[in-house]
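One structure is given below, encoded as C-alpha cells.
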Amino acid sequence: MTTTPLQLLAMHGWAGWPNSFSAWQEPLATRGWTLHCGNRGYGLQAPTMPDWSPRGRRVLLLHSMGPHLLDPARYRAAEAVVLMASFGRFVPEGVDGQPVRKAIETMAGLLAAEEDETLFTAFREAVAAPQPLEMLPPGVESAGLNRQGRQRLSEDLALLERLEALPAAFPRQVPVLLVQPQDDAVVHPLAQRSLWEALPQAELLAIAGCGHGLLSAMLIPAVCDWLESQWP
Numbered sequence: 000m001t002t003t004p005l006q007l008l009a010m011h012g013w014a015g016w017p018n019s020f021s022a023w024q025e026p027l028a029t030r031g032w033t034l035h036c037g038n039r040g041y042g043l044q045a046p047t048m049p050d051w052s053p054r055g056r057r058v059l060l061l062h063s064m065g066p067h068l069l070d071p072a073r074y075r076a077a078e079a080v081v082l083m084a085s086f087g088r089f090v091p092e093g094v095d096g097q098p099v100r101k102a103i104e105t106m107a108g109l110l111a112a113e114e115d116e117t118l119f120t121a122f123r124e125a126v127a128a129p130q131p132l133e134m135l136p137p138g139v140e141s142a143g144l145n146r147q148g149r150q151r152l153s154e155d156l157a158l159l160e161r162l163e164a165l166p167a168a169f170p171r172q173v174p175v176l177l178v179q180p181q182d183d184a185v186v187h188p189l190a191q192r193s194l195w196e197a198l199p200q201a202e203l204l205a206i207a208g209c210g211h212g213l214l215s216a217m218l219i220p221a222v223c224d225w226l227e228s229q230w231p
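Numbering (numbering that gives the first Met the number 0), first residue to last: 0 to 231.
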C-alpha cells in the first residue's frame with residue numbers, strides 16, 4: 000500500500016449528488032486518503048465545488064457526465080483522473096444518435112411536466128441495469144427537488160445533447176483510468192468507443208456484468224489498486 004497521501008475530488012453525473020460516492024468514504028479513509036465531492040445542486044442543497052487542499056496527490060474521480068459538470072479550474076492541478084462510465088460526446092452522430100436524442104427529449108418533457116416518479120424510476124432502472132433498481136443508493140430526487148434544481152436538471156439535459164468532446168481543460172498529460180461497464184444501458188457503445196479513442200494513453204478497466212451505476216464489488220478495490228500503482 001502506498002504511503003503517499005491522496006486527495007480525491009469527485010463529481011457526479013446528471014441527477015446525481017454527493018451521496019452517490021458514499022461507498023467510497025470508508026475504503027479511502029482506511030488508506031489515509033480524503034474524498035471531497037462536488038454538488039451540482041439538483042436537489043435541495045446549494046451547488047458546491049470543493050478545491051484542492053495543500054496536502055496530497057490530486058486525483059479526480061468523475062462519473063458519467065461528471066467531467067462536463069466539474070469546474071474547469073479543477074483540471075489544472077489534477078495529477079490523475081479516473082473516468083467512470085463517462086463520455087465526451089453523449090449522442091452519437093448520424094442515425095445511431097437518433098434514439099439517444101429521442102430519449103433525452105422524452106426525459107426533458109417529463110421533467111417539465113414534473114412527472115418525477117415516471118422520469119426518475121425509468122432513469123434509475125437504466126442506471127442500475129442489469130442489476131435491480133433496489134441495489135442503487137437513494138437518488139437526489141428522494142430528498143426532494145426545488146425550482147432551481149429542476150432548472151439545472153433541464154439545462155444539463157440540453158447540454159448533454161450538445162456535447163461533442165471532453166472539456167478543453169481536460170488534462171491529457173496525466174495518468175487516466177477509464178472504467179467502462181460492459182453492460183451500460185445509458186452510454187451508447189459508440190460514445191464509449193469515442194472516449195477510448197480520444198484518450199489513447201489511458202488504461203482501460205472493463206467491468207463485466209454491471210451497468211452505468213457500476214454496482215460491482217470489484218470497482219473500488221480495482222480503482223484504489225490503480226491509484227496505488229501510480230505512486231508506489
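Cβ atoms here follow ideal geometry from the backbone N, Cα and C, with glycine treated the same way.
Query: Please determine if the stretch 191-202 and the stretch 140-151 are in contact, where contact requires at least 3 C-beta pairs separated by less than 8 Å.; Result: no
Query: Looking only at its chain, what residues have a beta carbon closer than 6 Å to the beta carbon of G37, apart from the 5 residues adjacent to it on each side?; Result: M10 and M48
Query: Report the start-end ranges of each alpha helix (DSSP H) in the stretch 94-125 that is 4 residues or longer and not cut off at the edges.; Result: 97-111
Query: At a cut of 8 Å, does the stretch 95-107 reach the stretch 67-82 through at least three beta carbon pairs?; Result: no
Query: How many angstroms separate the CA atom of G210 from the CA atom of L132?; Result: 11 Å
Query: By DSSP, does A157 sit in helix, in strand, or in coil?; Result: helix
Query: Using alpha carbons as the reference points, say which of D70, S21, L59 and L27 lies closest to R39.; Result: D70
Query: Among the candidates E92, A107 and P129, whose CA atom is the shortest distance from the CA of F119?; Result: A107
Query: Return helix, strand or coil for L83, following the three-state DSSP convention.; Result: Per the sequence shown, residue 83 should be read as Met rather than Leu. If DSSP states are grouped into helix, strand and coil, M83 belongs with the strands.
Query: For V94 and A112, I'd like the C-alpha separation in whole angstroms.; Result: 28 Å
Query: Going by the beta-carbon positions, is the gap between G138 and A14 smaller than 8 Å?; Result: yes
Query: For the putative contact between Q191 and D183, defined by C-beta atoms under 8 Å, what is the C-beta separation to the nearest angstrom?; Result: 7 Å
Query: Tell me which same chain residues have a C-beta within less than 8 Å of the C-beta of L43, skipping the five on either side of it?; Result: A142, G143, L144, N145 and G148
Query: Going by other Cβ atoms of all chains shown within 10 Å of its Cβ, with 16 needed for buried, is P17 buried or exposed?; Result: buried
Query: I'd like the span of the beta strand (DSSP E) that includes Q179, first residue to last.; Result: V175 to P180
Query: Thinking C-alpha only, which one of S215, Q179 and L156 is nearest L61?; Result: Q179
Query: If you measure between the beta carbons of L135 and G212, is that distance less than 8 Å?; Result: yes
Query: Please state the DSSP three-state secondary structure of A205.; Result: strand
Query: Need the endpoints of the alpha helix (DSSP H) that L239 sits in, please.; Result: The requested residue 239 is not part of the displayed model; the chain covers only 0 to 231.
Query: If you run the structure through DSSP and keep just helix, strand and coil, what is Q6?; Result: strand
Query: From P26 to V58, what does the alpha carbon distance come to, in whole angstroms?; Result: 15 Å
Query: What is the rounded straight-line gap between the Cα of A221 and the Cα of S52?; Result: 25 Å
Query: Based on the DSSP secondary-structure assignment, which residues constitute the bridge partners of T47?; Result: N38
Query: Pull up the distance between the alpha-carbon of L165 and that of E116, whole angstroms please.; Result: 31 Å
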